[in-house]
Amino acid sequence: MKLIIAFIKPFKLEQVRDSLKIAGVSGMSVNDISGFGRQGGQTEVYRGAEYEVEFVPKVRLEVIVTDELAGPTVAAIETAAHTGEIGDGKIVVVPVEDVVRIRTGERGADAI
Amino acid sequence: MDTGDAAWVLTSSALVLFMTPGLALFYGGMDRTRNVLNMLMMNFWCLLVIPILWVVVGYSLAQSGDGALLGNLDMAFLRGLGITGEDGGSGLLTVAFLGMFAVITPALISGAVADRMKFSAWAIFAPAWLLLVFVPVFKWVYGGWIGDRGALDFAGGTAIHVNAGIAALAAVLVLGRRRGWPSQGHPPHSMPLVMMGTGILWFGWFGFNAGSALAANGQAIQAFMNTFLAAAAAGLSWGFVEKFRDGHFTNLGVASGIVAGLVAITPGAGFVAGMSPIWIGLATGIICCYAVGLKNRAGYDDALDVVGVHFVGGLVGSLAIGLFADPAFFGGEFMAGSFYGGGLDLLGAQALGNAATIVYSFAVTALIMLALKATIGVRVSDDVENSGLDLAEHAEAAYSTGSASLAGH
Chain A
1140 MKLIIAFIKP FKLEQVRDSL KIAGVSGMSV NDISGFGRQG GQTEVYRGAE YEVEFVPKVR
1200 LEVIVTDELA GPTVAAIETA AHTGEIGDGK IVVVPVEDVV RIRTGERGAD AI
Chain B
1086 MDTGDAAWVL TSSALVLFMT PGLALFYGGM DRTRNVLNML MMNFWCLLVI PILWVVVGYS
1146 LAQSGDGALL GNLDMAFLRG LGITGEDGGS GLLTVAFLGM FAVITPALIS GAVADRMKFS
1206 AWAIFAPAWL LLVFVPVFKW VYGGWIGDRG ALDFAGGTAI HVNAGIAALA AVLVLGRRRG
1266 WPSQGHPPHS MPLVMMGTGI LWFGWFGFNA GSALAANGQA IQAFMNTFLA AAAAGLSWGF
1326 VEKFRDGHFT NLGVASGIVA GLVAITPGAG FVAGMSPIWI GLATGIICCY AVGLKNRAGY
1386 DDALDVVGVH FVGGLVGSLA IGLFADPAFF GGEFMAGSFY GGGLDLLGAQ ALGNAATIVY
1446 SFAVTALIML ALKATIGVRV SDDVENSGLD LAEHAEAAYS TGSASLAGH
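Rendered as structure tokens:
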């Protein structure tokens, strides 16, 4: 099993969600976050004074999938979140030791 | 009194009251999330304490009697202001109408001292400033020595905006800079609040200016038109200065321009006509847009630009009367401006009235602030300034929509 964490542009969330559903992903968690990468911050101007906003808004999403589904999931996010502009984000894949469904007590891949 | 006049001035009074919450939103949106409630409360504090002070002694000292410098106490505690006498309550109505102006004038100063003034110090400053600065200057302009020299101030350019604007400068010089200013930016937290506040101010300002005719008459109609046009023109010119200078047509630029235009047309609203409000507005938007940059060069931390907008806008508008006053249009008994055959006499009277107001207001405001600094202190601690005044001074938070379960909501 894999935990897939993706940092994407906020306006790409709907497309990513739709692609993940088509790829067969059954659930996901989403957070609004702020951060910076190579894109850096953004500049705002108020009454002629420039302000560097160091952290820009991003969306962080987490998906847990079986090993077989990991490749298609990464590919779905990569395609749907892509604009080619700086700041498109990152995808991280982490191995998962175990998963428990709290309601039934199922373990492992059955709990996904 | 005439029922039409009474209806209009009553309506105008309510419109002017609405300006103080509008100002609170205008300032509050420009403030940061952790200080927005403190900003709102500084304004609402004026709505609580000034009306009472006004009827107890403020109005009487500001208006009754023939004194050139100060009124007397004949109308203290609303003495002699009834509704069954000959005036039918018009005296009482004037107390209410002018009371709304008394509320908003100290509130204007709150924008300059934002983010760092102790609420207890503000709670004393606002009423003290009203009695020691607003009341005498109001008397000088409306029934005292400045008015006697022919200087004009229809709805409060000198008495309100120049007065509060220069007081804001004195206050921040005693108070000191916000931590981190100017190296660290303090951008507005909510531009929609600023725009809504601007709309409320413009709406209320029709009562402020057109209501100052104290009658439902032609002068009120022209004051209304002037208020309409000057604000639009100033919003336009400020917006375009930013567009050409900085590259973008900004919401804050437009909002600032509208307010600056409203400030500038206030003193002349009942004395200028035709296209004059457009020229006054266009000039004000340009001048004030550059004036807000002065604080960075001079090093005084006027947080939300009370000096650049209210002091400079009020002064520009007040001096502009010396050029644009048109007694023929109004069939009035006042001096004509230079562009209407009046020479320089009116301009001189305007300059003198404003100069006296600037010197007096600056000096007495500084003394009030120094007295507060020496006794209860005027600044919050560094920790409070860093963590925000909302929580420390009011035990409230403006926004708790972020993580509902963690915030306990």
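Here the protein sequences line up with chains A and B, keeping their order. One gets the working numbering by counting positions in the first sequence from 1 and adding 1139 to each. One gets the working numbering by counting positions in the second sequence from 1 and adding 1085 to each. Where is the CB? At the ideal position from N, CA and C, for every residue including glycine.
- For N1170 of chain A, the enclosing beta strand (DSSP E) covers residues 1168-1174.
- Along the segment 1196-1208 of chain A, none of the residues has a CB nearer than 8 Å to a CB of chain B.
- T1218 of chain A and I1161 of chain A have their C-alpha atoms some 13 Å from each other.
- Between the alpha carbons of I1225 of chain A and V1232 of chain A lies a distance of about 21 Å.
- Using a Cβ-Cβ distance cut-off of 8 Å, the segment 1163-1174 of chain B and the segment 1200-1212 of chain B are not in contact, since fewer than three pairs of beta carbons, one from each stretch, lie closer than that value.
- Put simply, the CB of G1187 of chain A is near chain B, with a gap under 8 Å to one of its CB atoms.
- Shortest Cα-Cα distance from D1467 of chain B to any of B:Y1445, B:S1098, B:K1203 involves B:K1203.
- Close CB contacts of G1284 of chain B within its chain, under the 8 Å cut and outside five residues either way in sequence, are with G1107 (chain order).
- The beta-carbon separation of P1352 of chain B and G1399 of chain B, rounded to 7 Å, stays under the 8 Å limit for a contact.
- Annotated as proximal: A1253 of chain B and A1197 of chain B, with beta-carbon spacing under 8 Å.
- Looking at B:F1447, B:L1163, B:P1136, B:A1308, the one whose alpha-carbon comes closest to that of V1392 of chain B is B:F1447.
- For E1189 of chain A, the enclosing beta strand (DSSP E) stretches over residues 1188-1192.
- In this chain, the beta strand (DSSP E) harbouring E1183 of chain A covers 1181-1185.
- Taking 8 Å as the CB threshold, V1184 of chain A lines the interface with chain B.
- Cβ contact annotation for V1220 of chain B (same chain, cutoff 7 Å, sequence separation greater than five): G1143, L1146, A1147, in chain order.
- Any Cβ of chain A closer than 8 Å to the Cβ of S1341 of chain B would place that residue at the interface, and such an atom is present.
- Taking each of B:P1272, B:V1188, B:I1461 in turn and checking the Cα distance to L1260 of chain B, the smallest one comes out for B:I1461.
- With a 10 Å radius around the Cβ and a threshold of 16 neighbouring Cβ atoms, A1410 of chain B comes out buried.
- Annotation for I1147 of chain A: the continuous beta strand (DSSP E) segment containing it runs 1141-1147.
- With fewer than three CB-CB distances shorter than 8 Å, the segment 1355-1367 of chain B does not count as touching the segment 1328-1338 of chain B.
- Among the CB atoms of chain A, one or more fall inside 8 Å of the CB of E1327 of chain B.
- For R1330 of chain B, the three-state secondary structure derived from DSSP is helix.
- Within chain A, the residues Y1185 have their CB atoms less than 7 Å from the CB of P1273 of chain B, given in chain order.
- M1281 of chain B and F1288 of chain B have their C-alpha atoms roughly 11 Å apart.
- Assigned with DSSP and collapsed to three states, M1202 of chain B falls in strand.
- Put simply, the segment 1220-1234 of chain B touches the segment 1147-1159 of chain B. At least three CB pairs are less than 8 Å apart.
- Within the model, the alpha-carbon separation for F1186 of chain B versus V1218 of chain B is close to 14 Å.
- Contact between A1316 of chain B and I1343 of chain B holds, with the beta-carbon distance rounding to 5 Å and staying under 8 Å.
- Less than 8 Å separates the beta-carbon of L1142 of chain A from that of E1201 of chain A.
- At least 8 Å separates the CB of G1438 of chain B from every CB of chain A.
- For R1330 of chain B, the chain A residues whose C-beta falls within less than 8 Å of its own C-beta are G1187, listed in chain order.
- Shown here for M1127 of chain B: same chain residues with a beta carbon closer than 6 Å to its own, the five before and five after excluded, namely S1195, W1207 in chain order.
- Following the DSSP letters along the chain, one finds L1254 of chain B in no beta strand (DSSP E) but inside the alpha helix (DSSP H) bounded by residues 1248-1260.
- Against V1344 of chain B, chain A offers no close residue; the least beta-carbon distance is about 12 Å (beta-carbon pairs closer than 8 Å).
- Residue-level contact by beta carbon fails for T1118 of chain B and chain A, as no gap is shorter than 8 Å.
- Within the segment 1149-1223 of chain B, the complete alpha helix (DSSP H) segments of 4 residues or longer fall at 1175-1194, 1204-1214, listed in chain order.
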